[in-house]
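Engineer: The structure is given below, and queries will be raised subsequently.
In the UniProt record's numbering, the protein residues as written are 1 to 188.
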């Protein structure tokens, strides 16, 4: 009695998680219902794709086989073991992985552009902040210079004020000593 390979096995025996089984069942049905189409499945933000439609009438039997495999008795799916079905499923997953990788590359490029943009903005902000700090320091230096100048002028003013006060005091004494008052002041 020759031993024959089974035409399918329960997909639950593959050691996959529930979410992986869901993906396998969904994409087995899509791949086999699409036949050997080489169009890459659209992969945007989730693992779900729109259901493919066969491109020829010959895919109807493959579609029925995929449907039977994915919804076997008791609702458990089955993995078809014939070479054609496995080749179609393998090609489908290669295209799906390519589409996912393409999307990852696109998002990575967007992330890099965003990072470069943010870095440029940060560098611009840093340059602007440095310029403002330099401006602020210059203002503080000018204030210090003005305060120093103010102190010098106040000191000179105080000296002038002191001399004026002494001169006025001397003038008053001279007027009192001389007795003539205004005439004495006019001679100086």
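Where a beta carbon is used, it is the ideal one built from N, C-alpha and C, also for glycine.
Residues bridged to residue 8 by DSSP?
Structural biologist: Per DSSP, 80.
Engineer: For residue 89 versus residue 127, is the C-beta spacing smaller than 8 Å?
Structural biologist: No, the Cβ-Cβ distance between residue 89 and residue 127 is not below 8 Å.
Engineer: Please report the straight-line C-alpha distance between residue 189 and residue 132, rounded to a whole angstrom.
Structural biologist: Since the displayed the chain opens at 1 and closes at 188, residue 189 lies outside it and no answer follows.
Engineer: Can you tell which of 22, 23, 28, 19 has the C-alpha that lies nearest to the C-alpha of residue 8?
Structural biologist: Of 22, 23, 28, 19, the residue nearest in Cα terms is 28.
Engineer: Quick check: what's the CA-CA separation for residue 78 versus residue 104?
Structural biologist: Rounded to whole angstroms, residue 78 to residue 104 spans 30 Å at the Cα level.
Engineer: Measure from the alpha carbon of residue 83 to the alpha carbon of each residue in 163, 166, 6, then state which is nearest.
Structural biologist: When each option's Cα is compared against that of residue 83, the closest is 6.
Engineer: I'd like the ranges of any alpha helix (DSSP H) spanning at least 4 consecutive residues and lying wholly in the region 113 to 150.
Structural biologist: Complete alpha helix (DSSP H) runs here, min 4: none at all.
Engineer: Return the CA-CA distance between residue 167 and residue 148, expressed in angstroms with no decimal places.
Structural biologist: Rounded to whole angstroms, residue 167 to residue 148 spans 28 Å at the Cα level.
Engineer: Could you spell out the range, first to last residue, of the alpha helix (DSSP H) harbouring residue 34?
Structural biologist: Here the alpha helix (DSSP H) through residue 34 covers 18 to 34.
Engineer: Which residues in the same chain have their Cβ closer than 6 Å to the Cβ of residue 107, if we skip the five residues on either side of it in sequence?
Structural biologist: Here the set comprises nothing.
Engineer: Determine the burial state of residue 92: buried for a count of at least 16 other Cβ atoms within 10 Å of its Cβ, exposed for fewer.
Structural biologist: It counts as buried.
Engineer: Which word fits residue 96, buried or exposed, when buried means at least 16 other C-beta atoms lie within 10 angstroms of its C-beta?
Structural biologist: Answer is buried; the Cβ neighbour count reaches 16.
Engineer: Does the beta-carbon of residue 121 have 16 or more other beta-carbons within 10 angstroms, so that it is buried, or is it exposed?
Structural biologist: Label assigned to residue 121: exposed.
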